[in-house]
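Asker: Take a look at the following structure, please.
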Amino acid sequence: MSAIAFPLPDPKILGRRDQIVAGLAALVPPECLVVSEDERRAFETDALTAYRRLPLAVVLPRSTEETSKVMAYLHQEGVKVVPRGAGTSLSGGAIPQEDAVVIGVSKMSKILEVDYADRIARVQAGVTNLGISNEVAADGFFYAPDPSSQLACTIAGNIGMNSGGAHCLKYGVTTNNVLGVKMVLVDGTIVDIGGDWLDAAGYDFLGLITGSEGQLGIVTEATVRLLRQAEGARPVLFGFATPEEAAACVSDIIGHGIIPVAIEFMDKLAIEICEAFAHAGYPLDAGALLIVEVEGSDEEMETQLKKIVAIAQKNNVKTVRESQSAMEAARIWKGRKSAFGATGRVADYICMDGTVPTSQLCHVLDETYRIVDRYGLRVANVFHAGDGNMHPLIMYNVNDPAEQEKAEKAGEDVLKLCVDVGGCLTGEHGVGIEKRDLMPRQFNTADLHQQMRVRAAFDDQWLLNPAKVFPLEGRAA
Amino acid sequence: MTHQPATESDLCAIVADARAKKTPLAIEGGGTRAGLGRPSQTADTVSMRGLDGIVFYEPAEMVICARAGTPLADIEALLAERNQILPFEPPDHRRLYGSSGAPTIGAIAACNLSGSRRISVGAARDGLIGVRFVNGAGEAIKSGGRVMKNVTGLDLVKLSAGAHGTLGALTEVTFKLLPKPETSATLVLDGLDDARAIAALSQALGSPFEVSGAAHLPAGVGADTARTLLRIENFAASVAYRIDELRKLVSGGAVIDDAASCALWRDVSECAFFGAPDNRAIWRVSTAPSRAPDLVRLIQRNGAVAHFYDWGGGLVWLAVDATGEARAKDIRAAVAVTGGHATLVRAPDEVRAHTQVFQPLSDPLMKLTRGVKASIDPDGILNPGRMYAGI
């Protein structure tokens, strides 16, 4: 069934498995080493569950130093490494290969320091995204990037994938919110980049490793920015007859100099699916729905919402639901936040996340329907409209290999479309294995080879997460 | 000689030729910041001024793409017509260096230059979402794009920002934009010492009022008394409300209006207080705000230094005697205690030729720096030695 190719495992490494496991056992205690087949099963895939490979072994180090020892050993033995956060990657970024050892950061999950004067938190990289915000919420602070998987996903994974979320329009993505890291290089060298100050010295390696999908090293510790929560936040829900009107409304809001903290878009099928699941009171007669959230004091939110509602009315809004209480606000968000889960109850799906220039949203949406229809499948669209980050959920039956192939083909066509209108293959989920073979659509050979040479400056033998991001064919060292 | 490419493909040919002849190139924009970095050691220069003009500007998408040699002033004038801005408040350094010419957008990207608003909206590197550059082999390379969420492939955009042209000659840069705030105002607290001032800045930055400028100017910097500055930019009603709330939070202060506030913050962002003809050496130190007053105290122990703080205390500007090594030893020793990094941004050529202008890196970081430089510019053709000797 696999449409996505995996490299053939190296028989020499497979043949030395016992020796390699023994070598690891000498470095870490038994509770940090996963060897049995049953237990390794837990690590054979991530959130791209259609693909799975059993790793050679799994190591869960407890410290930077332990990670360093393990990496040095594996480097010396020429064994490939697949780094893993919580395994929530939608692009297969954490899927192992048979001749590789998975190194997971889950045992490094302490918050080491919180400093409100300097507005930073220093954490071990296995701490969850939401774990940071929860730690500081009572004091009125938060960590800004908020991917949908934030309950489970780790900061290590967030840095690996440069994770975004619903609120990046105002607060940026991971790369804009990380100040420093401690990282273990492929040969075990421990390197500190940045710290608790702004703009790290020298080349912007922080920027380079953020979003590098575990190919440049394993981050074991991070210093992140904390932000003060706004005085209040309030969403408003708009129902429009057509996606065109909703998209025009988005442009119009931004054109008025208003940057809401989030602008979320749902199409007709997404509205139906979410409403059936969450009973959030979404208008079932709407062709498209926007959730716009503003922040500030009560009076400021009132003023902003008044302006935004007036703009929506100019764009023929049919339904306006303002939230008068925290409960109503939560209800408006409930449907949107459960979109992936609700869709999963209706059908299996793959979720693409290409980003397009916001002026192309309607065109891309129309074409997406046409493409998916051509393959005889259905698609629900839920996305971050303010930043053009699409999320078509293409539904199929995972037990029907022909349908899976159709879904993947449809997804590919949608992503090619995103690139062709001036956008990109992935806005926040990463390339992983899923979009690896589409990279030549966005980059020419010179571009890709330049990226690969930079990669090789960190890992000249291509031992770190080697089957990801770059097409397997035509790799440059 | 000075090459003057008119197109990216001209530049590719020039770089390929320079590589074949092993004649490295200095890369020049408007030439207003020639004094930033180690003195140029190349016989040949390539001027980017011919690569000029807006590639596209989409106000509704809040994004602009321009060729690297485009004067910053042209871009800011175009954006002003649509009430938009480059978020990070790019500084014009002509007053600091006493230079003339037109600062270019490419230099803003290549040097990752950000003004006071950096604390609230990010640095130039955060606003930069796409680049095209010519690598040391004379190949045109693109990275990033025109959309603000993009994780496709390695982020060579960030790597280009702040590499001072040593990792490719930028030919096109794409920045995301923000609406120009309707108005602004600044709250001024008088007479605080450094420690109390930084504490007040931290308190304000830890409030929900979205302070977009937080600086402390000790007595003698621009005025006889010490001034602690907090800026709010927003819609008029919000500015009034938020300034009021800030006054309650930090116990008082006088308010200056939009016009005066804009002028004052330009001075802060551009370090105008130490501008030419003042010829002292200038350092720029990035550190954690709470440790910044200690940093200054440690340096003062070994001799006088004039200073002020921006970025809530996290950016310290220092003016010292421009002789010898311009106090490099004292300053770097203090940075070793407090953490952070120090850059000698202005000093005579002979001082910069013999001083580590940029913060020395740890051995593993230096090794990575060498490796990455070689992966993009294998023969060291582009701005060699501008940041570090041999890089």
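Here the protein sequences come in this chain order: A and B. Reminder that position 477 of the first sequence reads as 476 in numbering that gives the first Met the number 0, one-by-one numbering, no gaps. Reminder that position 315 of the second sequence reads as 314 in numbering that gives the first Met the number 0, one-by-one numbering, no gaps. Ideal placement from N, C-alpha and C gives every residue a C-beta, glycine not left out.
1) Look at the alpha carbon of Ala476/A and the alpha carbon of Gln460/A, and state the distance between them as a whole number of angstroms.
2) Contact defined as beta carbons within less than 8 angstroms: I believe Gly286/A pairs with Ala240/A. What is the distance between those atoms, to the nearest angstrom?
3) State the DSSP-derived secondary structure class of Val115/A, mapped to helix, strand or coil.
4) DSSP three-state label for Phe442/A, please.
5) Terminal residues of the continuous beta strand (DSSP E) containing Asn380/A?
6) Contact between the segment 210 to 220 of chain B and the segment 161 to 172 of chain B is defined here as three or more beta-carbon pairs at a separation below 8 angstroms; is this criterion met?
7) Closest by CA to Ala136/B, which one among Ala168/B, Ala335/B and Tyr240/B?
8) Report the option in Ala137/A, Ala338/A, Pro259/A and Glu64/A whose CA atom is closest to the CA atom of Ala379/A.
9) Using DSSP with H/G/I as helix, E/B as strand and the rest coil, what is His278/A?
10) Is the beta carbon of Gly152/B less than 7 angstroms from the beta carbon of Gly129/B?
11) Would you list, in chain order, the members of the segment 329 to 350 of chain A that have their beta-carbon closer than 8 angstroms to a beta-carbon of chain B?
12) Grab me the residues of Arg83/A's own chain with a C-beta within less than 6 angstroms of its C-beta, minus the 5 sequence neighbours each way, in chain order.
13) Taking the CB atoms as reference points, tell me whether Thr286/B and Ala327/B lie closer together than 7 angstroms.
14) In this structure, how does DSSP classify Glu220/A when only helix, strand and coil are distinguished?
15) When the Cβ atoms of the segment 186 to 194 of chain A are set against those of the segment 105 to 113 of chain A, are three or more pairs found closer than 8 angstroms?
16) Could you say which of Gly313/B, Ala352/B and Ile255/B lies nearest to Ser201/B if we only look at CA atoms?
17) Have a look at Lys336/A and Lys148/B and give me their C-alpha separation to the nearest angstrom.
18) Which chain A residues sit within Cβ distance under 9 angstroms of Gln355/B?
19) Please confirm whether Ala122/B has its beta-carbon closer than 7 angstroms to some beta-carbon of chain A.
20) Taking DSSP as the reference, what is the three-state secondary structure of Tyr387/B?
21) For Ser211/B, would you say it is in contact with chain A, using Cβ-to-Cβ distances shorter than 7 angstroms as the test?
22) My understanding is that Asp117/A touches Asp195/A, with C-beta atoms under 8 angstroms, so please give their C-beta distance in whole angstroms.
23) Using three-state DSSP, classify Arg131/B as helix, strand or coil.
24) Given a threshold of 16 other Cβ atoms within 10 Å of its Cβ, counted over all protein chains shown, does Glu36/A qualify as buried or as exposed?
25) Comparing the C-beta of Ile271/A with each C-beta of chain B, is any distance below 7 angstroms?
26) So does the segment 296 to 310 of chain B actually touch the segment 232 to 242 of chain B, counting three or more Cβ pairs closer than 8 angstroms?
27) Residues of chain A with a CB under 7 angstroms from the CB of Thr151/B: which are they?
28) Excluding five sequence neighbours on each side, which residues of the same chain lie with their C-beta closer than 6 angstroms to the C-beta of Glu402/A?
29) Checking contacts by CB at 7 angstroms: is Thr286/B closer than that to chain A?
30) Within the same chain, show all residues whose beta-carbon is closer than 6 angstroms to that of Ala341/A, passing over the 5 residues directly before and after it, in chain order.
31) Report yes if the CB atom of Ala25/B is closer than 7 angstroms to the CB atom of Thr41/B, and no otherwise.
32) If you check the beta carbons only, do Leu424/A and Lys434/A fall under 7 angstroms apart?
33) Does any C-beta atom of chain B lie closer than 7 angstroms to the C-beta of Tyr142/A?
34) For Asp195/A and chain B, any beta-carbon pair shorter than 7 angstroms?
35) So, at 7 angstroms on beta carbons, what are the nonlocal neighbours of Phe204/A in its own chain, with the 5 sequence-adjacent residues on each side left out?
36) For the alpha helix (DSSP H) containing Tyr170/A, list its first residue and its last residue.
Answerer: Taking the geometry as given:
1) Note that Ala476/A scores 49 on pLDDT, short of 50, meaning its location in the model is unreliable and no value can be drawn from it.
2) Yes, they are in contact, since the Cβ atoms of Gly286/A and Ala240/A sit about 5 angstroms apart, within 8 angstroms.
3) Checking the displayed sequence, the identity of residue 115/A turns out to be Tyr instead of Val. In this structure, DSSP gives Tyr115/A a state outside helix and strand, which the three-state scheme calls coil.
4) coil
5) Element bounds for Asn380/A: Arg377 to His383.
6) no
7) Ala168/B
8) Ala338/A
9) coil
10) no
11) none
12) Ala93, Val101 and Gly103
13) no
14) strand
15) With a cut-off of 8 angstroms, the segment 105 to 113 of chain A and the segment 186 to 194 of chain A do not count as touching, because too few Cβ pairs lie within range.
16) Gly313/B
17) 20 angstroms
18) Under the 9 angstroms cutoff, chain A gives no residues; its nearest Cβ is about 11 angstroms from Gln355/B.
19) yes
20) coil
21) no
22) 6 angstroms
23) strand
24) exposed
25) Before going on, a small fix: residue 271/A reads as Glu here, not Ile. No, because no Cβ of chain B sits closer than 7 angstroms to the Cβ of Glu271/A.
26) No, the segment 296 to 310 of chain B does not touch the segment 232 to 242 of chain B.
27) Cys423, Leu424, Thr425, Val430 and Gln441
28) Tyr395 and Asn396
29) For Thr286/B, the answer is yes, since a Cβ of chain A falls inside 7 angstroms of its Cβ.
30) Ile272, Cys273 and Phe276.
31) yes
32) The answer is yes: Cβ separation under 7 angstroms.
33) Taking Cβ atoms only, chain B never reaches closer than 7 angstroms to Tyr142/A, which makes this a no.
34) For Asp195/A, the answer is yes, since a Cβ of chain B falls inside 7 angstroms of its Cβ.
35) Ile192
36) Cys167 to Tyr170
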